[in-house]
Each structure stands twice: as C-alpha cells, then as structure tokens.
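Here's the structure we're looking at; comments come further down.
Number of protein chains: 2
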Amino acid sequence: MARTDVPTRKRILDAAGKLFHADGIRAVSVDAVAEKSGLTKRTLYYHFRSKDDLIAAYLETRDQPNLALFQRWFAETEGTTADKVQGIFRQLSASARHPKWKGCGFLRTSVELIHLPGHPAILAGRAHKKRVEDWLCSVFEESRLPEDARLLARQVLLLLDGAFAVVLLHRDPSYMDSAGEAAAQLIRD
Amino acid sequence: MARTDVPTRKRILDAAGKLFHADGIRAVSVDAVAEKSGLTKRTLYYHFRSKDDLIAAYLETRDQPNLALFQRWFAETEGTTADKVQGIFRQLSASARHPKWKGCGFLRTSVELIHLPGHPAILAGRAHKKRVEDWLCSVFEESRLPEDARLLARQVLLLLDGAFAVVLLHRDPSYMDSAGEAAAQLIRD
DNA sequence: CAATGTATACCGACCAGTGAATATACTCAA
DNA sequence: TTGAGTATATTCACTGGTCGGTATACATTG
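Heads up: the protein sequence lines correspond to chains A and B, in order.
Mapping of the first sequence onto our numbering: residues 1 to 189, in sequence order.
Mapping of the second sequence onto our numbering: residues 1001 to 1189, in sequence order.
What follows is the structure, given as structure tokens:
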C-alpha cells in the first residue's frame, strides 16, 4: 500500500533485526529476511538499495537505545561512580543469563565483518563504541580528576567489550561480574 | 606422491591459514583454498573430510604457538609479576602496529561462528582461552595469595580479549597499552 | 493517466561436496 | 629382476542448492 510506506519498511527492519540477532549477518540471506517479513524480495529491494544498506539501517535502529540503557542502569544505581558503573555490569550479567542473549550486537557484527574495512557495520560499531567511551569519559570528568578520565573510560570500555566477548564465548555470565569488580577497582583506586 | 603425504596436507593447511587469517573463515571458499594451495578441490577433500574439518585442523596448528608466545613474553620481561604481565600487553601492542595484524585468531573465529554452538571453531576458541586463563592463574598462584589468583586471571583475560576486540575495531594499538596498565594496576593492588 | 508499491520469475556467480577415472608408488610372488 | 596387484594420491567434471540482485509486469491510489 502506498499510503502506509513506513509499516512496510519497519516490517522488513524488524524481521531483519530478529534474524541478524539470531543467526548473524552473513548467515542471513535477503531471501530469508523477505520471507520472515512476509514480503517479496523485490519489495525489500524497493525499500533498501542493497543488503549492506539494510544492515546499516538495522544498526542505526540499535544505536541510541543501547547507550540509553547503559545510562539508565548507571543512573538507577545508588552509590559512588564506581558503584554506578558496576551497576551496569551487574545488569548486563543478569541479561546474559537469558539463554538467547548474544552479547553486544555492534561488537559481534563488527568482528564478523572486520575483514571488510569500509563496511557500514564496521563504521557503525566504531561509532557506537566511541559514543559509549565518550559518555563514560564525561561521567568520570564530572566526578574525578580530569586527566584520568579518558584513560579510565578506555579501560572500562575494554573490560566491557572483553566481557561481551568472553561471556559469549564461554557462555558464563559470571565473567561479567568479574569485569564489573575490576572496573570498580580501577575507578575507586 | 605417496611417500610425501605430509607436505600436501601442510600445503593445504598453510594456504588455508593465510586465507582464513586474511579474509575470515566464512568468506573463504574451499575452492579458494584449493586454488591457493595449487591443488584440486577433490584432493583437498581427500585429506580433509569437510570444510569444518579443515578449520579444526587449522586452529589446532595455532593453539600451542600462541600460548607459548605469551609465556615467552612473560618470561623475557624483567620485574614483578605485574611488570611481566604488562610486558605481554606491550609486545601485543607492538605486534598490533603491523598493518596486517588481525587480533586473536581464536577470538575472531569464535565470534564469527558464535551462532553455530557446536562448531569446532567455538570449541577450539573456548579451549584456547581456558588454557591461557589457567596458565595466568598458575602464574598468580605462584606469586600471590591463592584466593585471588583465579579472579585475577579472569580479569586479565577480560582485558586481553577486550583489547583484542577494541584494537581491532578501532585500529588503534594504544588501547592495548591502556589494557596493560589496567592489568598491572589490578595485579599490583 | 501517472506515480508508487508489490509480485512472479529469473539471472549469473558461487557454494560445499561428490562420482568416476587416472596416476603414482609400494608389495610380493615367480 | 620383473611383472601383476593393490593402496594411496590426484585430477576433471559435475551436482543440487543458495547467494545478492534484477527485468518485467501487475495492482493500487491520487
């Protein structure tokens, strides 16, 4: 239907999101996305120029919500900055207990496509990680001596992404808690 | 030649190794490996039951050398345990400056294939990471109070893998140094 | 009519894996 | 020593299937 352009596009993005999350980007064919969304492949190619275009659009929809979640978890935790950061890890640890948990979509997707340097997914992943780091940095600048803030933000990001990778690989959420403790220790120190 | 079975198999593994490292496992076709090794695909399938079998054999060849490298870097660095661990990160930081550096093959491959739970590459990655962690744990047990050793080993592993992922994604080896500093700080503390 | 959106059917390229035949080297009996 | 037999090693040509992407025609709506 011509009037209802948005729902069609959204249906495609929703279907793509589910499939990409479940099986990875490379493994999901455009045919599969079309079938899952109940539309024809040709219709999909009417709304998206290419599969890469679809991937980019899919990642865009995930960027802000992801950071917002971290910010909410940070804000909702009582205590020092170290406690609040550890709160993020604790919430992630709880999330990771769900059997369908697949870690950080940006990290996963970026590593999956790391061999294609200019790929939109790499750029999206890079931008997302930078956004998280910058937010952490601003948080530390507000509550601590400024010269440590950038380094500290980087180190917390390293622990965060390390935990995403290791928890995913070992299927053991307790690594997320170990990462949270390490982060708290680095911040407190 | 029947007498010289080993070289053929090795030629295939070498070719596969180069291609897998350069382009990723999924992206490399069996045809490509066959062509690179100067043999026919059918010959490849004579020596390896399947592509997965080839992948598993390829990863096996990378397991011990990788850990041995860490151990060498650890042993060759002077100073405290914290210094020695930081030495590993420093060496990795130097390695990461080579333009062809692609991070940890086990981590990259495991994340690439994470959606296939029983895949040999996942099992190999898991086993490799466990081996590194166990080695770190034994190192810490020898030089520190035993109850902290396991947690510390896990946290260093988290920093290590976080750095592998973040350095790869951002193409910025200095994250490896930040990880090393964090590790040293956790150990010293 | 004309623009937008959707569908059927198809393309060439590539994928992992295989069938059948062939070449090479080793074994052992005459 | 030689020649037949056998296991190993390799090749060419192929299969069924999937991939991303498209040519073309049909439908709906203003």
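Where is the CB? At the ideal position from N, CA and C, for every residue including glycine.
A quick note: this is a predicted structure, and the numbers were derived from the prediction, not measured.
Query raised in the report: So, using beta-carbon positions, are Phe1089 (chain B) and Leu1152 (chain B) closer together than 9 Å?
Result: Position 89 of the second sequence, counted from the start, is the residue given in the question as residue 1089 (chain B). Position 152 of the second sequence, counted from the start, is the residue given in the question as residue 1152 (chain B). Result no, Cβ atoms of Phe1089 (chain B) and Leu1152 (chain B) do not sit closer than 9 Å.
Report task. Would you tell me roughly how many angstroms separate the C-alpha atoms of Phe1164 (chain B) and Gly1103 (chain B), rounded to the nearest one? Result -> In the second sequence, the residue the question calls residue 1164 (chain B) occupies position 164. In the second sequence, the residue the question calls residue 1103 (chain B) occupies position 103. Each residue's Cα considered, the two are about 5 Å apart.
Requested in this report: Since I believe Ala1027 (chain B) is in contact with His115 (chain A) (beta carbons under 8 Å), could you give me their beta-carbon distance rounded to a whole number of angstroms?
Outcome: Locating residue 115 (chain A) in the first sequence gives position 115, where the first residue counts as 1. Locating residue 1027 (chain B) in the second sequence gives position 27, where the first residue counts as 1. His115 (chain A) to Ala1027 (chain B), Cβ: 6 Å. Contact.
Requested in this report: Please list the residues of the region 1099 to 1124 of chain B that have a C-beta atom closer than 7 Å to any C-beta atom in chain A, keeping them in chain order.
Outcome: Leu1107, Arg1108, Ser1110, Val1111, Glu1112, Ile1114 and His1115
Query raised in the report: From B:Thr1008, B:Gln1091, B:Asp1052 and B:Asp1023, pick the residue whose C-alpha is nearest to that of Arg1108 (chain B); which is it?
Result: Taking the first residue of the second sequence as 1, we reach residue 1108 (chain B) at position 108. Of the candidates B:Thr1008, B:Gln1091, B:Asp1052 and B:Asp1023, the one whose C-alpha sits nearest the C-alpha of Arg1108 (chain B) is B:Asp1023.
Query raised in the report: If you measure beta-carbon to beta-carbon, which residues of the region 20 to 47 of chain A are closer than 8 Å to chain B?
Result: Ala22, Asp23, Gly24, Arg26 and Ala27
Query - chain B within 9 Å of Glu181 (chain A), Cβ atoms only - result: The residue given as residue 181 (chain A) occupies position 181 in the first sequence. Judged by the 9 Å Cβ criterion, Glu181 (chain A) is in contact with chain B.
**Report entry** Straight-line Cα distance separating Ile1055 (chain B) from Leu1039 (chain B)
**Finding:** In the second sequence, counting from the first residue as 1, residue 1039 (chain B) sits at position 39. In the second sequence, counting from the first residue as 1, residue 1055 (chain B) sits at position 55. Computed Cα separation, rounded: 17 Å.
Query raised in the report: Roughly how many whole angstroms lie between the Cα atoms of Ala1002 (chain B) and Ser1050 (chain B)?
Result: Here residue 1002 (chain B) refers to the residue found at position 2 when the second sequence is read from its first residue. Here residue 1050 (chain B) refers to the residue found at position 50 when the second sequence is read from its first residue. For Ala1002 (chain B), the predicted structure reports a pLDDT of 35, less than 50, and the residue's modelled location is therefore unreliable. A value from the coordinates is still provided. Taking the straight line joining both Cα atoms gives about 21 Å.
Query - Segment limits, alpha helix (DSSP H) that includes Leu113 (chain A) - result: Position 113 of the first sequence, counting from 1, holds the residue named residue 113 (chain A). Careful: Leu113 (chain A) lies outside any alpha helix (DSSP H) and carries neither H nor E.
Query raised in the report: Anyone know if the C-beta pair for Asp83 (chain A) and Ala179 (chain A) falls short of 9 Å?
Result: Start at 1 with the first residue of the first sequence, and residue 83 (chain A) comes out as number 83. Start at 1 with the first residue of the first sequence, and residue 179 (chain A) comes out as number 179. The answer is no: Cβ separation not under 9 Å.
Query raised in the report: Would you say Ile12 (chain A) and Ala32 (chain A) are within 9 Å of each other, going by their C-beta atoms?
Result: Within the first sequence, numbered from 1, the residue matching residue 12 (chain A) stands at position 12. Within the first sequence, numbered from 1, the residue matching residue 32 (chain A) stands at position 32. For Ile12 (chain A) and Ala32 (chain A), no; Cβs fall outside 9 Å.
Query raised in the report: From this set, A:His21, A:Ala16, A:Asp161 and A:Pro7, which residue's C-alpha is nearest Leu92 (chain A)'s C-alpha?
Result: Position 92 of the first sequence holds residue 92 (chain A). Considering only alpha carbons, the answer is A:Asp161.
Report task. Assign Ser1178 (chain B) to one of three DSSP states: helix, strand, or coil. Result -> Sequence index remark: in the second sequence, residue 1178 (chain B) carries index 178 (1-based). Three-state result, Ser1178 (chain B): helix.
**Report entry** Where the region 60 to 87 of chain A meets chain B: residues whose CB sits under 9 Å from a CB there
**Finding:** none
Query raised in the report: What's the call for Ala68 (chain A), buried or exposed, on a 16-neighbour Cβ count within 10 Å?
Result: Residue mapping note: residue 68 (chain A) aligns to position 68 of the first sequence, counting from 1. So Ala68 (chain A) ends up on the exposed side.
Requested in this report: Please go through the same chain and pick out, in chain order, the residues whose beta-carbon is closer than 6 Å to the beta-carbon of Asp172 (chain A), but skip the five residues on each side of it.
Outcome: Start at 1 with the first residue of the first sequence, and residue 172 (chain A) comes out as number 172. Within the same chain, Asp172 (chain A) has no close Cβ partners at all.
Query raised in the report: Excluding the five sequence neighbours on either side, which residues of its own chain have a C-beta within less than 6 Å of the C-beta of Leu1186 (chain B), listed in chain order?
Result: Stepping through the second sequence from its first residue, residue 1186 (chain B) is reached at position 186. Only Gln1155 meet the Cβ criterion.
Query raised in the report: Does any C-beta atom of chain B lie closer than 9 Å to the C-beta of Phe164 (chain A)?
Result: To locate residue 164 (chain A), count along the first sequence from 1; it is residue 164. By this cut-off, Phe164 (chain A) is an interface position.
Requested in this report: Determine the extent of the alpha helix (DSSP H) in which Ala958 (chain B) is found, giving its start and end residues.
Outcome: Because chain B is modelled from 1001 through 1189, residue 958 (chain B) falls outside the range shown and cannot be assessed.
Query raised in the report: Can the beta-carbon of Val1132 (chain B) be found closer than 9 Å to that of Leu1157 (chain B)?
Result: On the second sequence, position 132 is the one that residue 1132 (chain B) refers to. On the second sequence, position 157 is the one that residue 1157 (chain B) refers to. The answer is yes: Cβ separation under 9 Å.
Query raised in the report: Any residues in the region 1125 to 1140 of chain B with a beta carbon nearer than 7 Å to a beta carbon of chain A? Which ones, in chain order?
Result: Gly1125, Arg1126 and Lys1129
Query raised in the report: Do you know how far the Cα of Arg1097 (chain B) is from the Cα of Ser1192 (chain B)?
Result: There is simply no residue 1192 (chain B) to check, as chain B begins at 1001 and stops at 1189 in what is shown.
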